[in-house]
Amino acid sequence: MDSYTETEERQKPASSVQSEVIYQKTIYTILFTISFAHLLNDMMQSVIPAVYPIIKEKFNFSFTQIGIITLTYQFASSVLQPFIGFYTDKHPKPFSLSIGMSFTLVGLIVLSMASGFHTFLLAVTLVGIGSSVFHPESSKVAQLASGGRKGLAQSIFQVGGNFGSSLGPLLAALIVLPFGQPAIKWFTLAALLAILILLRVGKWYKAHLHIKPTARGNTQTEKANTFPRKKVIGSLIILFFLVFSKYFYMASMTSYFTFFLIEKFNVSVQHSQLYLFIFLAAVAVGTVAGGPLGDRFGRKYIIWFSILGTAPFALLMPHVGLWATIVLAVFVGLILSSAFSAILVYATDLVPGRVGMIAGLFFGLAFGMGGIASAFWGWLADKTNIEFVFNICAYLPLIGIITAFLPNIETGKSRK
Numbered sequence: 106m107d108s109y110t111e112t113e114e115r116q117k118p119a120s121s122v123q124s125e126v127i128y129q130k131t132i133y134t135i136l137f138t139i140s141f142a143h144l145l146n147d148m149m150q151s152v153i154p155a156v157y158p159i160i161k162e163k164f165n166f167s168f169t170q171i172g173i174i175t176l177t178y179q180f181a182s183s184v185l186q187p188f189i190g191f192y193t194d195k196h197p198k199p200f201s202l203s204i205g206m207s208f209t210l211v212g213l214i215v216l217s218m219a220s221g222f223h224t225f226l227l228a229v230t231l232v233g234i235g236s237s238v239f240h241p242e243s244s245k246v247a248q249l250a251s252g253g254r255k256g257l258a259q260s261i262f263q264v265g266g267n268f269g270s271s272l273g274p275l276l277a278a279l280i281v282l283p284f285g286q287p288a289i290k291w292f293t294l295a296a297l298l299a300i301l302i303l304l305r306v307g308k309w310y311k312a313h314l315h316i317k318p319t320a321r322g323n324t325q326t327e328k329a330n331t332f333p334r335k336k337v338i339g340s341l342i343i344l345f346f347l348v349f350s351k352y353f354y355m356a357s358m359t360s361y362f363t364f365f366l367i368e369k370f371n372v373s374v375q376h377s378q379l380y381l382f383i384f385l386a387a388v389a390v391g392t393v394a395g396g397p398l399g400d401r402f403g404r405k406y407i408i409w410f411s412i413l414g415t416a417p418f419a420l421l422m423p424h425v426g427l428w429a430t431i432v433l434a435v436f437v438g439l440i441l442s443s444a445f446s447a448i449l450v451y452a453t454d455l456v457p458g459r460v461g462m463i464a465g466l467f468f469g470l471a472f473g474m475g476g477i478a479s480a481f482w483g484w485l486a487d488k489t490n491i492e493f494v495f496n497i498c499a500y501l502p503l504i505g506i507i508t509a510f511l512p513n514i515e516t517g518k519s520r521k
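In terms of the numbering used here, the sequence shown is residues 106 to 521.
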């Protein structure tokens with residue numbers, strides 16, 4: 106079916122042949138640059154949950170208020186993303202990346218000076234808006250530079266974010282805990298650096314908008330793997346439930362794991378932040394594997410293993426000692442984190458040509474689910490206790506069993 110021949114290649118002008126070469130190569134410099142920007146972005150965002158123990162004690166916030174702060178941040182991060190992605194699919198805005206990061210900069214300044222509940226809500230809203238602009242457009246940059254290796258590109262992009270998320274609690278323990286809330290201003294240096302980096306990425310993005318985000322060899326695969334509309338919608342609904350399972354569970358870990366360790370094992374705040382860093386570092390490591398393994402073995406199987414494979418470790422965690430809890434948390438982070446890049450690429454394969462919209466939708470769904478979950482778990486913790494919350498949420502990975510109903514959209518040939 107492919108009519109592209111050597112004769113046609115010889116007949117092409119030099120500029121066209123050069124464009125094809127760029128079109129098929131994986132551009133690692135851009136992938137690692139946007140991944141580093143993702144690291145900075147998510148490092149700054151992870152400061153928010155990392156300072157929860159500080160502001161809870163300083164301002165006497167309840168768990169419900171902590172949950173509402175997270176819900177507000179995640180809501181601002183999630184609602185705009187699919188709309189931004191849908192708009193930029195049709196009207197790309199390469200320099201919106203640096204503009205979005207400016208919102209994060211202002212949000213951090215407000216967060217460092219906040220003295221009341223509503224001011225905290227304003228600060229996290231600004232940071233959330235910055236995130237809602239960053240993720241859809243940067244996902245498009247990653248696909249544009251992927252050379253068709255979309256799983257690998259998403260893993261490189263996302264590992265930066267996950268590693269940045271793991272650095273947030275560590276830096277909060279080293280900087281914010283000793284020097285207090287005003288020390289959050291130091292993180293604005295990272296925002297300024299990210300703005301400069303994203304300006305350069307925006308220039309590259311603008312110069313390469315004419316290049317398709319997948320290699321020639323994958324274009325026909327995408328067209329051949331299209332399904333009837335009902336099948337696509339049904340598959341997307343299954344993916345939504347899987348994202349629900351993953352991020353409702355992740356919210357319990359990122360927002361309340363420190364409180365769980367403090368309450369059950371009586372560890373210090375600084376030690377709890379260190380253990381949270383270990384968990385988030387495991388998440389970052391697991392993310393590296395998810396995309397390439399999905400490219401190699403098929404994304405459906407990686408999704409299945411990642412969600413359902415977490416269940417045994419999650420179910421054991423509330424019933425063991427401190428060091429066993431940390432070890433189990435590492436396994437949970439390693440396994441569960443490999444899911445999202447596979448889910449995202451699987452979804453973009455289901456709906457080819459709508460990378461920005463799908464990325465915005467799934468990033469937005471992930472943040473939205475995380476925010477709702479944080480508010481819900483906070484409310485439940487106030488009504489019961491943190492240990493009860495961890496016993497309940499441990500059953501969520503079992504939802505991964507519904508992955509069996511996803512269609513196989515990759516043949517062995519296309520995976521190879």
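Just so you know, even glycine gets a beta-carbon here, dropped at the ideal spot from N, CA and C.
What residues in its chain sit with their C-beta under 6 Å from that of residue i, if we drop five residues either side in the sequence?
i	result
GLY233	TYR178, ALA181 and SER182
VAL388	ASN267, GLY438 and SER442
GLY212	ALA228, LEU231 and VAL232
GLY505	ILE412 and LEU413
LEU398	ILE407
THR275	Going by the sequence as given, residue 275 is Leu instead of Thr. Here the set comprises PHE382.
LEU385	SER270 and SER271
GLY483	PHE168, THR169, ILE171 and GLY172
Let me make sure I understand the geometry here. Which of the options has the alpha-carbon closest to that of residue i?
i	options	result
SER446	LEU427, ILE514, PHE467 and VAL337	PHE467
ALA486	ALA295, SER271, SER360 and VAL393	SER360
LYS336	VAL456, ALA464 and GLY212	VAL456
TYR406	ILE514, PRO423 and GLU242	ILE514
ILE507	GLU242, PHE349 and GLU492	PHE349
LEU344	ILE289, ASN371 and ALA444	ALA444
TYR451	SER373, ASN496, THR392 and SER340	SER340
SER221	ILE171, LEU297 and PHE481	In the sequence under discussion, the amino acid at residue 221 is Gly, which differs from the Ser named in the question. Per the Cα distances, ILE171.
ALA295	SER243, HIS196, ILE214 and LEU433	ILE214
LEU225	GLY269, THR175, SER243 and PRO274	Per the sequence presented here, residue 225 reads as Phe, with Leu not at that position. Among GLY269, THR175, SER243 and PRO274, the Cα nearest to that of PHE225 belongs to THR175.
LEU185	ALA471, ILE491 and PRO512	ALA471
LEU421	ALA434, GLY473 and ALA478	ALA434
VAL390	SER251, ILE261 and SER151	ILE261
ASN496	THR392, MET358, PRO512 and ASP454	MET358
TRP309	PHE510, LEU136 and TRP484	LEU136
PRO197	VAL264, ILE342, LEU249 and THR138	LEU249
LEU144	ALA480, TYR192 and THR392	THR392
ALA509	LYS130, ARG459 and PHE346	PHE346
PRO154	ILE139, SER479 and PRO333	SER479
THR131	PHE481, SER251 and GLY469	SER251
Assign residue i to one of two classes, buried (16 or more other C-beta atoms within 10 Å of its C-beta) or exposed (fewer than that).
i	result
VAL156	buried
PHE528	Lying outside 106 to 521, the shown extent of the chain, residue 528 is not represented and no answer is given.
VAL246	buried
GLY426	exposed
SER167	exposed
PRO283	exposed
SER373	exposed
THR430	buried
GLY322	Reliability fails at GLY322, whose pLDDT of 40 lies under 50, so the model's placement of it is uncertain and the value that follows must be treated cautiously. Flag for GLY322 reads exposed.
LEU297	exposed
THR134	exposed
MET218	exposed
ASN371	exposed
ASN165	exposed
PHE410	buried
ALA278	buried
PRO423	buried
GLN150	buried
ARG305	exposed
LEU375	Reading off the sequence, residue 375 comes out as Gln, not Leu. GLN375 should be labelled exposed.
Using C-beta distances below 8 Å, list every residue in its chain close to residue i, excluding the 5 sequence neighbours before and after it, in chain order.
i	result
ILE300	SER203, MET206, SER207 and LEU210
PHE188	GLY465
THR193	SER201, PRO241, GLU242, LYS245 and GLY461
PHE332	SER340, LEU455, PRO512 and ILE514
Closer than 7 Å by C-beta to residue i: which residues in its own chain qualify, once you throw out the five before and the five after it? Chain order, please.
i	result
LEU303	ALA142, LEU202, SER203 and MET206
GLY475	GLN179, TYR352, MET355 and ALA356
THR363	PRO158, SER377, GLN378 and LEU381
ILE280	ALA288 and TRP291
GLY285	none
LEU449	GLN259, ALA464 and PHE467
The stretch 226-241 touching the stretch 375-386, judged by at least three CB pairs closer than 8 Å: Of all C-beta pairs linking the stretch 226-241 to the stretch 375-386, fewer than three are shorter than 8 Å, placing the two stretches out of contact.
Contact the stretch 414-424 vs the stretch 498-505: 3+ CB pairs below 8 Å: Contact between the stretch 414-424 and the stretch 498-505 is present, because at least three Cβ pairs lie under 8 Å.
Given 8 Å, three or more beta-carbon pairs between the stretch 351-368 and the stretch 251-267: Here the stretch 351-368 does not lie against the stretch 251-267, with fewer than 3 beta-carbon pairs under 8 Å apart.
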